[in-house]
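Here the structure comes first, spelled out in C-alpha cells, and everything after it is commentary.
In my numbering, the protein residues as written are 6 to 415.
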C-alpha cells in the first residue's frame, strides 16, 4: 500500500491470501526526497552511463556506493542505481561526495554478484549461504541446495510462461538489465529475523516479499517441516507443497512481480496503479507443480479471489466501484476494503485480458512509459484508462459484472 506520514513515504503493498500475506516492499523512502525528485527533476534525460562513486551519511555512518545517477533533483538530491540494480535515495542533506569515474556503468556479473551477496549474508545472517544459478536467476540460499534448485526451475518456468503470454498478445518486453536475485532462507525463524531488518516488516504477517528498492525476492524453504530432514527430491518437495497451495502461491506471486518490474511491464518507482500491478500478479499466481517445462495455469480462475469478488458484488459493492479502483490506490490501504480491492483487481485484469486484449496491451504501453517519481492525479489515471477502454463507465461496469458472474468456481 502507499501511505504517507510527516517523516517518511512508505510504499508497501500487502496482499492477504487466506492466512498468507504477500508484499511488494519499498521500505522507507524519505518524503523530502520524494517531493524534490518528483517535482524538481532536471529534465528527462536517460540515466548517466558513467560509473560514479557516491558518498553519503547513512544513519550516522559514511557509506560509499558505486553506480549510476538515475535522477538528479535541482536541490542536489539523487536517485542512484548500483551495478546489481539496487536503488538508493540520497538527499542533498546527507550527500557528502560525488565522483565521476572514467569507467562506463555496467551491470554486475552473475558470478561476482552471487559470491558477493553470499559473503554478505554469511556475515549479516549466518554462515552457510550458497549460490544456485539458472539462466536468468541468481539464487543465494541458506536452505537445502535441492530446494534452491527446485525454486530456480520454478522461477524459470514461470518467466518463460509470463514472457510468452504477453508476447502472444502483442506486448513488447525487454530482457532484464540486471540478474534476477532471490534470497531463500532455510526456515521461517531465519526469515523472521531477516525481514525485520531488511524490510522493517512484521514477520507474522508475511511469508515472502519482493523489494522494489533492492529488486530482490526474499522467501524461505516452505517445504521444510520442523523436526524433519529437508525434502530429498523434487517429487518430495512437490508432495509437501501440494498440501500448502497458499504458500506456493506466495512464491509465485512475488516472482511474477519481479519479472514484471524487470521486463518493461512495470517501472520501478513509477506510479504503477495497484489494481494493475496486484491484479496482474494474482492472474499469474496459480501454481503449476505438475509440469516440468511449461506453465499451464496462467490465467486460471483464482478460486479464492473469485469467491471474494462474488460475495463483494452481492453484499458490499457500491456504484462507482470500478472507477474508484482505477483512480486511486486508497482502497488497497484500508483494512475494511483491502481484500475486496484485491479481489476486484484480479477480476478486472481477468475480464480485460479475456475480452479486451488489444486495449489492455495499449494501456500497458501507457503505464510502462511512466517516468520515475512522478505521481499521477486521479484524473490522469482515469484519463489513461479511458483512452484504452472508453469513457462509458456504467456500460463497462455492467458488462464486467455480468461476465464475472458467469465464471465458474471449478
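Using N, Cα and C, we set each Cβ at its ideal position, and we do this for glycine too.
Asked	Found
Proximity of residue 193 and residue 214 at Cβ, strictly below 8 Å	no
C-beta atoms of residue 394 and residue 361 nearer than 8 Å	yes
Contiguous alpha helix (DSSP H) assignments of at least 4 residues, all confined to the segment 348 to 383	362 to 373
Reference residue 56; option with closest CA among 184, 86 and 80	86
Option in 148, 61 and 345 with minimal Cα separation from residue 237	148
Residue interval of the beta strand (DSSP E) (run including residue 272)	Residue 272 -> no beta strand (DSSP E), and no H or E assigned at all.
Cβ-based neighbour list, residue 285, same chain, cut-off 8 Å, excluding 5 preceding and 5 following	261, 265, 270 and 354
Cα-Cα separation between residue 116 and residue 187, rounded to whole angstroms	14 Å
Where residue 136 sits in the DSSP three-state scheme	strand
Residue 103 - partner residues in DSSP beta bridges	59
Selection from 223, 252, 74 and 161 that minimises the alpha carbon distance to residue 96	74
Residue burial classification, residue 107 (beta-carbon count within 10 angstroms, cutoff 16)	exposed
Residues that DSSP places opposite residue 66 in a beta bridge	63
Identified DSSP bridge partners for residue 221	186 and 216
Short Cβ contact (8 Å threshold) for residue 273 with residue 83	no
Endpoints, the alpha helix (DSSP H) within which residue 253 is located	250 to 267
Reduced DSSP category for residue 233 - H, G, I as helix; E, B as strand; rest coil	coil
Ordered list of alpha helix (DSSP H) runs contained in the segment 297 to 333, each at least 4 residues	308 to 320 and 326 to 332
For residue 146, the first and last residue of its enclosing alpha helix (DSSP H)	Run containing residue 146: none in the alpha helix (DSSP H); it sits in the beta strand (DSSP E), 142 to 146.
Enclosing alpha helix (DSSP H) for residue 96 [first to last residue]	That residue, residue 96, is in no alpha helix (DSSP H); it is neither H nor E in DSSP.
The segment 342 to 353 contacting the segment 316 to 331, beta-carbon criterion three pairs below 8 Å	yes
Delimiting residues of the beta strand (DSSP E) encompassing residue 161	Careful: residue 161 lies outside any beta strand (DSSP E), inside the alpha helix (DSSP H) at 150 to 172.
Proximity to residue 342 [Cα-Cα], best of 331, 322 and 332	322
DSSP state of residue 108 mapped onto helix, strand, coil	strand
Candidates 412, 139, 164 and 127: closest to residue 312 by CA position	412
Proximity below 8 Å, CB of residue 346 to CB of residue 336	yes
Residue 371 classed as buried or exposed, judged by whether at least 16 other C-beta atoms fall within 10 angstroms	exposed
Simplified DSSP state of residue 87, which is helix, strand or coil	strand
Residue 250 versus residue 109 - alpha carbon distance	45 Å
Cβ distance (whole Å) where residue 175 is taken to contact residue 366 below 8 Å	5 Å
Endpoints, the alpha helix (DSSP H) within which residue 194 is located	193 to 203
C-alpha distance - residue 177 paired with residue 165, whole-angstrom precision	14 Å
Residue 54 in three-state terms, based on DSSP	coil
Endpoints, alpha helix (DSSP H) assigned at residue 178	Segment: none, residue 178 is in no alpha helix (DSSP H) and carries neither H nor E.
Three-way DSSP call (helix, strand, coil) for residue 211 in this model	coil
DSSP state of residue 411 mapped onto helix, strand, coil	coil
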